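Engineer: What follows is a structure written as structure tokens; I'll ask about it next.
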């Protein structure tokens with residue numbers, strides 16, 4: 002379904018990099034990317050280097066559709082990076098697909114990126130002023146061209162030199178002739194982990210689920226501010242810039258983005274989600290007969306809520322798994338029952354029941370109402386909506402598409418108004434304190450979308466570009 | 002993943018038919034087919050009639066990929082049928098795609114079919130002997146051409162005349178110039194239901210989940226042996242041939258095929274699966290700490306098993322949702338860890354635990370062993386495999402692809418051997434009696450794949466064709 | 002250019018059949034079809050048989066685009082037929098693509114056809130009445146299904162039995178399990194020739210240019226009413242029905258359709274076109290300085306006209322060779338100068354000259370006027386249009402699309418009106434007598450489009466179908 | 002046919018630029034490109050600007066296939082450039098497709114190029130040393146990025162500043178936000194002309210045939226060293242750098258590349274080719290009965306040879322017009338008769354004749370022999386091969402692909418050896434003097450491929466790049 006029944010934030014990318022000791026690195030990268038598909042479904046790419054030459058294929062589509070044996074065959078070498086992205090539609094999609102590959106005075110250079118630089122417009126105008134011609138509109142090209150032009154004896158020197166000038170979120174993978182590098186911003190906004198491949202080589206990836214799919218061992222997080230340099234069995238890890246005094250990991254990775262089988266900050270995502278449900282049950286109990294998740298992301302939290310509350314867990318909504326793009330708009334009649342294309346209810350599990358409905362977030366507020374209606378039509382006596390994150394009232398500037406500020410329903414309505422708007426008997430959001438308790442932390446996370454307290458200043462000086470939109 | 006990590010039987014088709022009062026029947030059919038996508042992911046088609054002329058589009062691919070606005074636009078009319086199928090690859094895929102559309106002396110005729118005629122080869126050779134030229138290798142063409150040549154004043158007369166000669170499983174939808182018909186074999190092998198569209202028209206579909214997606218009300222099962230004739234707001238239901246004395250519904254629809262939000266035989270699939278888990282817990286208890294499903298099909302049974310056993314339910318395996326075809330074979334190294342491409346474990350939920358693993362079936366036995374290994378690697382102390390169906394020891398002749406007889410692992414091994422083969426601490430299959438208890442029935446179901454007792458004779462006389470394989 | 006600057010009749014098909022002694026028959030068929038591409042540019046197909054099984058690939062597009070190595074590889078065997086067709090656009094294009102392949106009681110049967118049966122509607126309704134279901138709207142399916150149902154011991158017996166019931170034009174190639182057959186209607190409307198392949202096998206094709214491309218020797222015409230049976234080095238030729246007392250070869254094959262390097266009726270096409278130009282020069286001389294052809298079809302006639310008249314031959318118009326389909330409509334401004342997309346003039350060869358412009362035919366009259374204007378704009382002092390066929394005033398019923406009767410400009414205007422309409426200084430058509438003189442014949446040719454004297458009766462009894470247009 | 006029967010040099014590109022007063026500039030550019038298709042059949046692109054924003058579409062394929070209405074619709078604006086190119090296959094094809102579009106500090110910039118800079122490797126390494134990252138391997142990107150970084154107040158200033166540093170052949174079209182510019186190297190290697198559009202705007206194109214297709218008037222050549230600045234009805238022409246003392250137009254444009262309906266250097270190509278034939282007849286007469294061209298390029302020269310020699314002109318070879326790419330290799334048997342796929346002979350015009358065969362050039366010498374054989378098999382008594390250019394013995398460095406030096410057959414064989422090699426009775430090449438006489442010139446043309454006297458020095462200093470091939 003093309004977006005109309007989806008009310009979650011959008012992660013923008015997944016990255017992966019491998020420096021292996023064998024010759025099947027393109028296949029391995031493919032399978033790793035396949036495990037990161039949930040981080041971006043609109044375009045994907047793989048670049049491979051063989052010691053001297055780099056080759057690339059990138060295209061709009063799903064990983065499994067793009068990469069046929071014919072597409073992978075020419076991608077020979079032992080070093081590779083891959084990227085999967087969510088992007089806007091249209092030809093710009095193809096132009097901004099990653100990795101971004103160039104020839105430089107130091108040899109081939111490819112870069113793929115998850116995150117967002119808040120000073121990208123500034124950096125971009127600097128490049129333009131220096132006489133560069135830019136083919137894309139992304140901060141990825143900006144970082145790549147800065148790296149191509151940087152001074153220094155080695156790629157890690159040059160990268161380390163540039164990192165202080167990049168303000169915002171970046172988890173990068175970089176391919177050069179015979180090495181794969183990775184780097185993470187000093188705030189640690191987005192995840193990035195490293196591990197050892199079964200063949201003795203090394204890999205980095207946005208999420209550990211991809212490293213585990215590849216059979217990696219010794220999996221660790223890439224530290225904020227760190228550069229990892231991988232060359233087959235050799236690996237060096239350099240603290241290029243000091244980590245920020247207070248880290249700013251994205252809480253939403255735990256709430257929604259990451260796969261439940263990934264670990265981050267030494268915690269398993271599924272476990273954290275369970276604990277979010279447990280905290281929610283303590284903070285916002287409900288008199289009810291059944292705990293029902295909005296599948297699939299809210300299942301662990303519903304398990305946790307059920308465990309603590311003692312209210313039985315059961316399925317109440319079934320989701321159509323074939324959620325690829327469709328091009329067909331629903332008919333007028335169907336549009337009034339929009340979520341029907343994605344969800345059906347299970348009346349036998351709901352009829353006469355007082356239901357606690359667990360959802361991960363409320364962004365534009367377009368699906369909660371129809372889901373409540375669906376439960377009521379299935380006979381639910383009461384519906385108590387419980388959300389595993391606080392109200393989202395500020396846009397994200399660090400790589401997540403939550404829509405514009407005025408799309409955010411919680412910024413426009415009180416909780417009571419929201420409750421009436423969605424038609425629930427009660428509605429409650431977890432508090433920031435309880436959410437952090439589920440994480441077992443008191444700080445180190447970016448909660449700007451809930452609080453408006455951005456860890457780096459978001460000012461006009463970052464966006465002085467007079468050159469916007471000259472490429473369409 | 003192309004099959005290598007999937008050890009379930011294959012349903013062969015989903016069908017849908019609509020006779021509406023409006024002009025958006027192609028769009029409605031699309032959304033209904035989209036809800037039946039799980040019944041066949043290799044080809045799909047829609048045929049539409051406008052009172053005099055029929056138009057069709059069918060192609061290899063997923064419903065959401067095939068039907069763009071450009072493809073649907075020419076499909077004008079108020080009457081439609083649709084089909085989604087699992088089929089073998091290659092050009093035969095396209096040739097055998099459904100619906101099958103012909104011009105007849107009575108006007109246009111399109112037919113789509115879920116099931117399998119056991120006497121198809123006989124009927125086929127009869128047609129050939131009468132001088133027909135056949136373009137496909139399916140029983141669908143056979144039924145269509147028999148109908149084109151049948152005597153009788155009306156389509157329902159002709160259809161009723163033919164039904165006694167069709168031995169086996171068929172749930173049919175038929176499109177003619179201004180009417181949609183549906184028919185179901187007298188044994189009732191495969192599901193088929195009918196309901197009223199919001200616009201006053203009527204619809205039939207393999208599963209009620211599709212009718213509910215379309216907003217249908219007054220949903221009832223099409224009775225075994227019944228013909229349904231739909232023309233907008235008019236609907237007639239004719240018991241064309243008597244239902245078999247003992248019905249033969251396919252048990253596997255409840256165990257695996259149907260979507261949990263579908264109803265059949267007045268029972269909800271999700272509820273039946275929960276009860277299968279409950280019966281399994283009673284029949285085959287285990288000393289364990291956690292009940293873990295193989296997602297997604299075994300989730301309801303795991304909920305039921307947990308409820309009765311008192312052992313907590315939790316996720317232990319995470320499945321990659323992007324399960325479209327991929328063309329890339331895993332590397333040798335990855336092949337030894339095959340299920341890794343599809344599943345990762347959740348060690349935090351498994352470490353040190355005694356696990357009850359719930360799976361729906363064991364066919365070729367290719368995934369159970371790797372899944373048990375995955376759990377053990379994640380730290381599970383014991384793994385007790387519980388299967389929600391009895392051992393499958395006979396091939397199906399009624400529309401399900403379980404592989405050849407000698408593919409069936411339970412036909413070759415004792416339960417003890419199976420346990421050693423998959424590396425579990427214990428393994429247990431639900432008994433036929435307990436399975437039927439979960440259904441609340443003592444008969445009326447085909448359990449031939451478990452028992453070898455086929456409800457209709459499977460003999461050579463059905464397969465006297467000397468003409469096999471002249472088209473490749 | 003999509004038709005707007007083309008004012009020639011459309012040939013509907015080219016056919017080819019090979020029974021070789023080797024294993025590369027699909028490749029050979031491909032190269033033969035490639036030489037017949039001018040007879041149909043909208044769809045093409047190849048069917049191959051290996052002694053027991055037949056395989057096919059057919060698709061919309063040009064021969065060179067459709068048949069990749071991947072498409073040809075599965076087409077294994079020693080016997081093949083191929084077809085290239087002009088057809089109307091839309092989905093019906095794919096459905097009516099040829100060859101038409103069916104399984105019959107006698108084994109596989111594929112048929113491809115060039116021509117048109119005038120009693121197709123009658124035969125079609127006969128088949129429908131006998132209970133057949135028809136998937137296409139072409140007379141090819143009708144002939145194929147009649148053959149599938151025919152009585153007789155051998156394919157040639159059955160074919161011979163049916164030929165008397167087929168009224169009209171047909172040059173057929175037929176593929177069965179281990180043999181290729183060919184047949185030609187008793188009137189001899191459309192060409193068909195046979196030859197020996199370099200490997201000792203045999204081939205038939207619509208035109209000898211395809212046989213020569215394949216290196217054939219002993220090339221002869223398939224006789225009107227004849228069946229040719231080919232099995233590798235064996236060939237039998239059977240006069241199945243007597244040739245018509247007066248043959249009816251299509252004159253237009255010489256005027257326009259056939260490639261100049263083909264022979265027919267023991268004459269070379271290029272030579273006949275030269276003689277048409279010579280006759281035209283005798284019959285309709287002009288006081289002029291240069292003879293200019295409309296490229297490419299009128300070049301040989303212009304050579305002949307120049308030779309007899311003594312007026313020098315030269316190019317005056319250059320044609321864009323990349324005449325595949327384009328989807329882009331010319332702008333309004335360009336539409337007023339329509340032929341500009343296809344032709345440019347050569348002012349240096351035209352300025353101040355009195356020009357004899359040689360064209361092959363005038364059908365709808367849409368291009369002659371703009372071409373005359375183009376010459377005048379290039380400085381031509383006078384333009385004398387000379388046409389190498391008589392005025393076309395009747396539609397063809399034997400496989401040529403000349404448009405409907407009221408599209409034919411010569412049916413609506415006198416020669417004087419035509420001259421004013423196209424803006425020429427003079428216009429002249431070759432007479433039927435002079436045209437026949439160029440052929441060196443007095444009869445044996447169908448000139449119905451010029452005379453209205455159809456060699457077989459065109460009556461309502463041939464078209465009694467009440468079933469038209471039930472498939473769109 | 003994929004190259005195996007083609008023995009001509011390859012032109013590398015065609016360019017076009019339009020600054021119109023209307024809104025259909027994308028359509029106009031399409032039709033102009035369509036007229037330049039012969040200059041490159043492997044990729045094409047169009048970029049359009051609307052006063053502030055530039056949009057582009059480029060792809061591998063033929064112009065008529067790439068540009069559908071859906072592709073053209075987003076290309077809104079009044080200013081456009083287009084390009085069609087011959088390129089090597091593989092992914093590099095897509096990456097090097099033109100125009101090349103970037104954002105610069107001055108706004109959008111797109112550039113398309115016909116020619117070749119001999120100092121491209123030097124310029125490229127300069128850019129790399131300055132820190133640029135290059136995405137392609139073409140000199141087009143080099144020129145674009147140099148322009149993006151150039152100093153100066155206006156685009157023409159910046160372009161004029163750079164032109165002296167570009168050594169070699171370039172005919173450029175450049176698109177910026179609201180203007181189209183064109184420039185030509187001071188040697189005038191490749192053609193480029195300018196004209197006024199019917200709507201009052203202006204256009205430039207590689208050949209006048211494209212301008213004439215668009216209805217242009219006041220067509221003139223862009224002068225060597227000149228910049229043309231076009232903005233709707235405004236046009237400025239600036240002699241940016243002085244023309245070379247001795248111009249170096251490519252003679253091969255007249256011999257082979259350009260369409261016969263184009264003019265260059267105030268001469269019509271068809272006329273020059275006629276005169277080449279006339280000169281050849283004077284210089285190398287033959288005792289013969291018929292003059293036969295190798296179609297299509299040698300037709301005008303054959304007309305000229307016939308006129309002067311008094312020997313009648315006639316067709317002797319027919320070429321298959323459907324010369325798009327085919328993917329199918331000829332069978333072994335057919336390979337020995339290679340030219341058969343492209344040419345058939347006309348025995349009736351050849352049998353017993355002494356033939357003068359006119360061909361435009363002999364490069365690798367792969368087709369002349371088979372063509373002579375074809376004529377002899379058709380009965381030609383003698384074959385006298387006459388070539389309208391001198392022997393090619395040196396590679397071109399100015400944008401023409403003649404293959405490597407050791408591919409050139411005339412560099413390895415004497416004329417006598419060549420005659421025996423191709424099996425002709427006699428063979429003769431036009432002399433440089435006679436060729437120049439046909440042009441009516443004594444100098445001003447580059448004949449380096451015949452003489453080895455390159456108009457600019459070809460030295461190692463131009464190719465000091467150590468960075469070759471880091472992108473594959």
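Protein chains in written order, with our numbering: chain S, 2 to 473; chain W, 2 to 473; chain Y, 2 to 473; chain E, 2 to 473.
Ideal Cβ placement from N, Cα and C applies to all residues, glycine included.
If you're wondering where the values come from, they're calculated on a predicted model, not measured in any experiment.
Assuming residue 218/Y is part of the beta strand (DSSP E), what are its boundary residues?
Structural biologist: Counting from 1 along the third chain, the entry for residue 218/Y is found at position 217. Element bounds for residue 218/Y: 218-222.
Engineer: Verify the CB distance criterion: does residue 356/Y have a CB-CB separation below 8 Å to chain W?
Structural biologist: Walking along the third chain from the start, residue 356/Y turns up at place 355. No, its Cβ sits nowhere closer than 8 Å to a Cβ of chain W.
Engineer: Check whether the Cβ atoms of residue 195/Y and residue 84/Y sit closer than 8 Å, and answer yes or no.
Structural biologist: Taking the third chain and counting its residues from 1, the one referred to as residue 195/Y is at position 194. Taking the third chain and counting its residues from 1, the one referred to as residue 84/Y is at position 83. No. Outside cutoff.
Engineer: Mark residue 416/Y as exposed unless 16 or more other C-beta atoms lie within 10 angstroms of its C-beta, in which case mark it buried.
Structural biologist: Taking the first residue of the third chain as 1, we reach residue 416/Y at position 415. Its Cβ having fewer than 16 others within 10 Å, residue 416/Y is exposed.
Engineer: Could you tell me which chain W residues have their CB closer than 7 Å to the CB of residue 109/Y, listed as they occur along the chain?
Structural biologist: Within the third chain, residue 109/Y is the residue found at index 108, counting from 1. Near residue 109/Y (Cβ distances below 7 Å), the residues of chain W are 471 and 472.
Engineer: Chain S partners of residue 272/W, CB-CB under 9 Å?
Structural biologist: The sequence position of residue 272/W within the second chain is 271, counting from 1. Within 9 Å Cβ-Cβ: 347, 349 and 350.
Engineer: Check this for me: beta carbons of residue 180/W and residue 230/W, under 8 Å apart or not?
Structural biologist: Taking the second chain and counting its residues from 1, the one referred to as residue 180/W is at position 179. Taking the second chain and counting its residues from 1, the one referred to as residue 230/W is at position 229. Against a cut-off of 8 Å, the Cβ pair of residue 230/W and residue 180/W comes out as a contact.
Engineer: Measuring straight from C-alpha to C-alpha, what distance separates residue 454/S and residue 445/S?
Structural biologist: For the purposes of this step, residue 454/S is taken as residue 453 along the first chain, with counting starting at 1. For the purposes of this step, residue 445/S is taken as residue 444 along the first chain, with counting starting at 1. Going by the C-alpha atoms only, they are around 13 Å apart.
Engineer: Who are residue 231/Y's beta bridge partners in DSSP?
Structural biologist: Here residue 231/Y refers to the residue found at position 230 of the third chain. BP columns for residue 231/Y point to 181/Y and 236/Y.
Engineer: Taking the beta carbon of residue 138/S as the centre, do at least 16 other beta carbons fall within 10 Å, making it buried, or is it exposed?
Structural biologist: As a working note, residue 138/S is residue 137 in the first chain. Per the 10 Å Cβ criterion, buried.
Engineer: At least one CB of chain E closer than 8 Å to the CB of residue 341/Y: is that the case?
Structural biologist: By one-based count along the third chain, residue 341/Y stands at place 340. True, the Cβ-Cβ gap to chain E drops below 8 Å.
Engineer: So what does residue 171/S bridge to, in DSSP terms?
Structural biologist: As a position in the first chain, residue 171/S is number 170, starting the count at 1. Answer is 116/S, bridged to residue 171/S.
Engineer: Assuming residue 145/W is part of the alpha helix (DSSP H), what are its boundary residues?
Structural biologist: The count along the second chain starts at 1 and reaches residue 145/W at position 144. From DSSP, the alpha helix (DSSP H) with residue 145/W extends over 140-150.
Engineer: When DSSP labels each residue in this structure, what does residue 471/Y get in the three-state scheme?
Structural biologist: One-based indexing of the third chain puts residue 471/Y at position 470. The answer is coil: DSSP assigns residue 471/Y none of H, G, I, E or B.
Engineer: Name, in chain order, the residues that DSSP records as bridge partners for residue 18/E.
Structural biologist: Translated into positions along the fourth chain, residue 18/E becomes position 17. Residue 18/E pairs with 82/E and 205/E.
Engineer: List the residues of chain S whose Cβ lies closer than 8 Å to the Cβ of residue 32/E, in chain order.
Structural biologist: As a first step, residue 32/E is located in the fourth chain; it is residue number 31 there, counting from the start. The premise fails here: residue 32/E is roughly 22 Å from chain S at the closest Cβ pair, so nothing lies under 8 Å.
Engineer: Give me the Cβ distance between residue 81/W and residue 119/W, rounded to the nearest whole Å; I'm assuming they're in contact under 8 Å.
Structural biologist: For the purposes of this step, residue 81/W is taken as the residue at position 80 of the second chain. For the purposes of this step, residue 119/W is taken as the residue at position 118 of the second chain. Not confirmed; about 30 Å, so no contact.
Engineer: Residues bridged to residue 268/Y by DSSP?
Structural biologist: Within the third chain, residue 268/Y is the residue found at index 267, counting from 1. Per DSSP, 265/Y.
Engineer: Compare the C-alpha of residue 152/W against each of 169/Y, 132/Y and 153/Y and name the closest.
Structural biologist: In the second chain, counting from the first residue as 1, residue 152/W sits at position 151. Of 169/Y, 132/Y and 153/Y, the residue nearest in Cα terms is 132/Y.
Engineer: Quick one: is residue 53/S near chain E, going by C-beta distance under 8 Å?
Structural biologist: As a working note, residue 53/S is residue 52 in the first chain. By this cut-off, residue 53/S is an interface position.
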